[in-house]
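What follows is one structure encoded as structure tokens, with my remarks underneath.
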Amino acid sequence: MTSSKIRPWIINALVAALYIVLSVGPAAFNLASGAIQFRVSEGLNHLAVFNRKYIWGIVAGVILFDAFGPGASLLNVLFGGAQSLIALLLVTWLGPKLKTVWQRMALNIFLFTISMCMIAWMLMLVGGGTAFWPTYLTTAISEFIIMTITAPIMYGLDKILHFSARLQ
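Each position in the sequence shown, counted from 1, maps to that position plus 10 in my numbering.
Below, the structure is given as structure tokens:
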């Protein structure tokens, strides 16, 4: 394999590893899983705004953390992985129709916030008495907050690191 074919694999492996590392801190305070999820790692979802090839590293990070982190279960892996994959595919499908990076990031925030219904549904299934709407409200709000806080950070990092060019 040539270095141009290996490069995306390596970068996506690094993104997955970074996702896991950034999830460990909030996990120590029970803020990475459950009805309130402040995973700083969710900011990496914005990478897909710059280049759709980042999807695989992001989703791999989600799946690995959900498989081995707190609250690890097959349902967590399936729902967390599916929620991320669906939202990322939608943003990479709809995003090119928008003119600015900020519009694409706003779409990304919206899609991830709305898609937290899948996580609320999963928590309802495994939590027994967990009510859907209050859980959806808390997971959606926490996702909205973390994605909104990390958007300008990722935008600034892109000005330095040029995310789109990294996978070329």
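Beta carbons are placed, not taken as given, at the ideal position from N, Cα and C, and that holds for glycine. Keep in mind the model is a prediction, meaning the values are calculated, not measured.
Could you tell me whether the Cβ atoms of residue i and residue j are closer together than 8 Å?
{"i": "GLY79", "j": "ASN22", "result": "no"}
{"i": "MET8", "j": "ALA82", "result": "Shown here, the chain extends from 11 to 178; a query on residue 8 therefore has no answer."}
{"i": "ILE119", "j": "LEU98", "result": "no"}
{"i": "GLY71", "j": "VAL111", "result": "no"}
{"i": "LEU177", "j": "PRO18", "result": "yes"}
{"i": "SER14", "j": "SER33", "result": "no"}
Considering only residues of the same chain and omitting the five flanking positions on each side of residue i, which have a CB-CB separation below 6 Å?
{"i": "GLU153", "result": "PHE122, THR123 and MET126"}
{"i": "VAL87", "result": "ILE73, ASP76 and ALA77"}
{"i": "MET132", "result": "LEU85 and PHE89"}
{"i": "GLY166", "result": "none"}
Please report the Cβ distance between residue i and residue j, rounded to the nearest whole angstrom; I am assuming they are in contact, meaning their Cβ atoms lie under 8 Å.
{"i": "PHE75", "j": "TYR146", "result": "Actually they are not in contact, since the Cβ atoms of PHE75 and TYR146 sit about 21 Å apart, beyond 8 Å."}
{"i": "PHE89", "j": "ILE129", "result": "6 Å"}
{"i": "THR148", "j": "ILE46", "result": "5 Å"}
Considering only C-alpha positions, which residue in the set the options is nearest to residue i?
{"i": "GLY53", "options": "SER94, ILE20, ARG17 and ALA77", "result": "SER94"}
{"i": "LEU100", "options": "LYS109, THR149 and ASN55", "result": "ASN55"}
{"i": "VAL91", "options": "VAL69, LEU135, ALA175 and GLY105", "result": "The identity of residue 91 in the sequence shown is Gly, whereas the question assumes Val. The option with the nearest alpha carbon to GLY91 is VAL69."}
{"i": "ILE16", "options": "SER43, LYS63 and TYR165", "result": "LYS63"}
{"i": "SER43", "options": "GLY137, ILE163 and TRP103", "result": "GLY137"}
Give me, in chain order, the residues of the same chain whose beta-carbon lies closer than 8 Å to that of residue i; leave out the 5 immediate sequence neighbours on both sides.
{"i": "ILE155", "result": "PHE48"}
{"i": "TYR12", "result": "The residue you asked about is not Tyr; residue 12 is Thr in the sequence shown. Cβ within range, chain order: n/a, list empty."}
{"i": "ILE163", "result": "GLY53"}
Residues in the same chain with beta-carbon distance under 7 Å from residue i, minus the five sequence neighbours each way, listed in chain order, please.
{"i": "ASP168", "result": "PHE60"}
{"i": "GLY105", "result": "VAL59, ARG114 and LEU117"}
{"i": "PHE173", "result": "LEU57, PHE60 and ASN61"}
{"i": "LEU135", "result": "LEU85"}
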